[in-house]
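Trainee: Next up is a structure, given as structure tokens.
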Amino acid sequence: DVKVTQSSRYLVKRTGEKVFLECVQDMDHENMFWYRQDPGLGLRLIYFSYDVKMKEKGDIPEGYSVSREKKERFSLILESASTNQTSMYLCASSPSGQGGETQYFGPGTRLLVL
Amino acid sequence: AQSVTQLDSQVPVFEEAPVELRCNYSSSVSVYLFWYVQYPNQGLQLLLKYLSGSTLVKGINGFEAEFNKSQTSFHLRKPSVHISDTAEYFCAVSSLHGSSNTGKLIFGQGTTLQVKP
Chain G
20 DVKVTQSSRY LVKRTGEKVF LECVQDMDHE NMFWYRQDPG LGLRLIYFSY
70 DVKMKEKGDI PEGYSVSREK KERFSLILES ASTNQTSMYL CASSPSGQGG
120 ETQYFGPGTR LLVL
Chain Y
1284 AQSVTQLDSQ VPVFEEAPVE LRCNYSSSVS VYLFWYVQYP NQGLQLLLKY
1334 LSGSTLVKGI NGFEAEFNKS QTSFHLRKPS VHISDTAEYF CAVSSLHGSS
1384 NTGKLIFGQG TTLQVKP
């Protein structure tokens, strides 16, 4: 059974803190993604990675960075958390292909920045 | 640029009634279309997807969707809903993105299906 896990379900941080969100997949997928989910806006892509150490910006990368040192692990970093980064963060993975591949999602991390 | 519009933010329906969740997309190229479901406090899981071939696509839990190229729609239907179908439903279109040509999903705003007893 495919599995994507995220390090925390709930996280509370203070403004200005550096925040790390971790995601691990056990499917040997090439692609990994970070989204944020906000009511009424659906999911928006922050960053994605198509190979180890390779990354590309998504639609809303400002204020975020990512790291992929191993194929199974993809980290999202908030360099200096701000209140407008309070959100649900979802990680996903997929095999490489021509665009029709299913993305498999983790359970999400609900981040509150005070 | 591609975009997805889900026409209803909330759809209340009684148990055992039929339901249709509407999705329209815009794209200048061939598309792959998806419906994902998110149950409370969970991540998203795939309901069904259209890649090519038959325009009627069947998915899990009795859901189906029809791809209509002329109307640029991909509406989701179920003939008889259950309480357990209460969830948020997302329509998405896939495009190849960036220098890596990685498949990227563009999501609609989501539709909350509320099934009442």
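From first to last, the protein sequence lines stand for chains G and Y.
Its first residue numbered 20, the first sequence is counted upward by one per residue in my numbering.
Its first residue numbered 1284, the second sequence is counted upward by one per residue in my numbering.
Yeah, the Cβ is synthetic: ideal placement off N, Cα and C, and Gly gets one too.
#1: Which residues mark the beginning and the end of the beta strand (DSSP E) in which M73 of chain G is found?
#2: Between the segment 1290-1302 of chain Y and the segment 1314-1331 of chain Y, are three or more C-beta pairs nearer than 8 angstroms?
#3: Would you decide whether F39 of chain G is buried or exposed? Buried here means 16 or more other CB atoms lie within 10 Å of its CB.
#4: Report yes or no: do three or more beta-carbon pairs, one from the segment 1303-1310 of chain Y and one from the segment 49-64 of chain G, lie closer than 8 angstroms?
#5: Is it the case that the segment 1343-1361 of chain Y contacts the segment 79-97 of chain G, given that we only count it when at least three CB pairs across the two stretches are under 8 angstroms?
#6: Note down, in chain order, each residue of its chain lying with its Cβ closer than 6 angstroms to the Cβ of F93 of chain G, except the 5 sequence neighbours on either side.
#7: To the nearest angstrom, how far is it from the Cα of T34 of chain G to the Cα of I96 of chain G?
#8: Please return the same chain residues whose Cβ sits closer than 7 angstroms to the Cβ of Y29 of chain G, not counting the five positions on each side in sequence.
#9: Identify, in the order they occur along the chain, each residue of the same chain with its Cβ nearer than 8 angstroms to the Cβ of L1388 of chain Y, setting aside the five sequence neighbours on each side.
#10: For the beta strand (DSSP E) holding S13 of chain G, just list the boundary residues, first then last.
#11: Can you tell me which of Y:S1353, Y:G1342, Y:N1351 and Y:G1391 puts its alpha carbon nearest to the alpha carbon of P1362 of chain Y?
#12: Once DSSP output is grouped into helix, strand and coil, what is the label at D70 of chain G?
#13: Verify the CB distance criterion: does L1339 of chain Y have a CB-CB separation below 9 angstroms to chain G?
#14: Could you tell me which of G:G118, G:L131 and G:P126 sits nearest to Y1253 of chain Y, measuring between CA atoms?
#15: By a C-beta neighbour count over all protein chains shown, 10 Å radius and 16 as the cutoff for buried, is I65 of chain G buried or exposed?
#16: Is the shortest distance between the beta-carbon of F1346 of chain Y and the beta-carbons of chain G less than 9 angstroms?
#17: Comparing C-alpha positions only, which one of Y:Q1293, Y:Q1325 and Y:A1284 sits nearest to L1396 of chain Y?
#18: Name, in chain order, the residues that DSSP records as bridge partners for P1295 of chain Y.
#19: State the start and end residues of the unbroken beta strand (DSSP E) segment that holds T1385 of chain Y.
#20: Just to confirm the assignment, what range does the beta strand (DSSP E) spanning K1352 of chain Y have?
#21: Assuming D57 of chain G is part of the beta strand (DSSP E), what are its boundary residues?
#22: Less than 8 angstroms between the CB atoms is what I'm expecting for D47 of chain G and K22 of chain G, so what's the real figure, rounded?
#23: Restricting to Cα atoms, I'd like to know which of Y:G1391, Y:K1399, Y:P1400 and Y:Y1372 is closest to Q1285 of chain Y.
#24: Measuring CA to CA, which of G:T105, G:D78 and G:K32 is closest to P58 of chain G?
Mentor: Straight from the coordinates:
#1: For the purposes of this step, residue 73 of chain G is taken as residue 54 along the first sequence, with counting starting at 1. Run containing M73 of chain G: M73 to K76, per the beta strand (DSSP E) assignment.
#2: Verdict: no, contact absent.
#3: The residue labelled residue 39 of chain G in the question sits at position 20 within the first sequence. Classification of F39 of chain G: exposed, given that the 10 Å Cβ count is below 16.
#4: no
#5: Too few Cβ pairs lie closer than 8 angstroms, so no.
#6: Stepping through the first sequence from its first residue, residue 93 of chain G is reached at position 74. Excluding residues within five positions, the ones whose Cβ falls inside 6 angstroms are C42, M51, S68 and R87.
#7: Residue 34 of chain G sits at position 15 when you count from the first residue of the first sequence. Residue 96 of chain G sits at position 77 when you count from the first residue of the first sequence. Approximately 14 angstroms, taken between the alpha carbons.
#8: Position 10 of the first sequence, counted from the first residue, corresponds to residue 29 of chain G. Excluding positions up to five away in sequence, the list reads R129.
#9: Numbered from 1 along the second sequence, position 105 holds the residue referred to as residue 1388 of chain Y. So the qualifying residues of the chain are F1317, A1375, V1376 and S1377.
#10: What is shown of chain G runs 20 to 133, which leaves residue 13 of chain G out entirely.
#11: Counting from 1 along the second sequence, the entry for residue 1362 of chain Y is found at position 79. Cα-wise, what sits closest to P1362 of chain Y is Y:G1342.
#12: Here residue 70 of chain G refers to the residue found at position 51 of the first sequence. Note: D70 of chain G maps to strand in three-state DSSP.
#13: Residue mapping note: residue 1339 of chain Y aligns to position 56 of the second sequence, counting from 1. Not closer than 9 angstroms to any Cβ of chain G, the Cβ of L1339 of chain Y fails to qualify, so no.
#14: This structure leaves residue 1253 of chain Y out entirely; chain Y is present only between 1284 and 1400.
#15: Counting from one through the first sequence, the residue named residue 65 of chain G turns up at place 46. Buried, since its Cβ has 16 or more Cβ neighbours within 10 Å.
#16: Sequence index remark: in the second sequence, residue 1346 of chain Y carries index 63 (1-based). False, the Cβ-Cβ gap to chain G never drops below 9 angstroms.
#17: Here residue 1396 of chain Y is taken as the residue at index 113 of the second sequence, counted from 1. Looking at the Cα atoms, Y:Q1293 is the closest of the given residues.
#18: Counting from 1 along the second sequence, the entry for residue 1295 of chain Y is found at position 12. Y:Q1397.
#19: Sequence index remark: in the second sequence, residue 1385 of chain Y carries index 102 (1-based). Segment T1385 to F1390, the beta strand (DSSP E) holding T1385 of chain Y.
#20: Position 69 of the second sequence holds residue 1352 of chain Y. Counting along the chain, K1352 of chain Y falls outside any beta strand (DSSP E), and DSSP gives it neither H nor E.
#21: Walking along the first sequence from the start, residue 57 of chain G turns up at place 38. Unbroken beta strand (DSSP E) run through D57 of chain G: N50 to D57.
#22: Reading the first sequence from its first residue, position 28 is the one you call residue 47 of chain G. Reading the first sequence from its first residue, position 3 is the one you call residue 22 of chain G. Going by Cβ atoms, the distance from D47 of chain G to K22 of chain G rounds to 12 angstroms, so no, they are not a contact pair.
#23: Indexing the second sequence from 1 puts residue 1285 of chain Y at position 2. Ranking the options by Cα distance to Q1285 of chain Y, first place goes to Y:G1391.
#24: By one-based count along the first sequence, residue 58 of chain G stands at place 39. Nearest option by C-alpha distance: G:T105.
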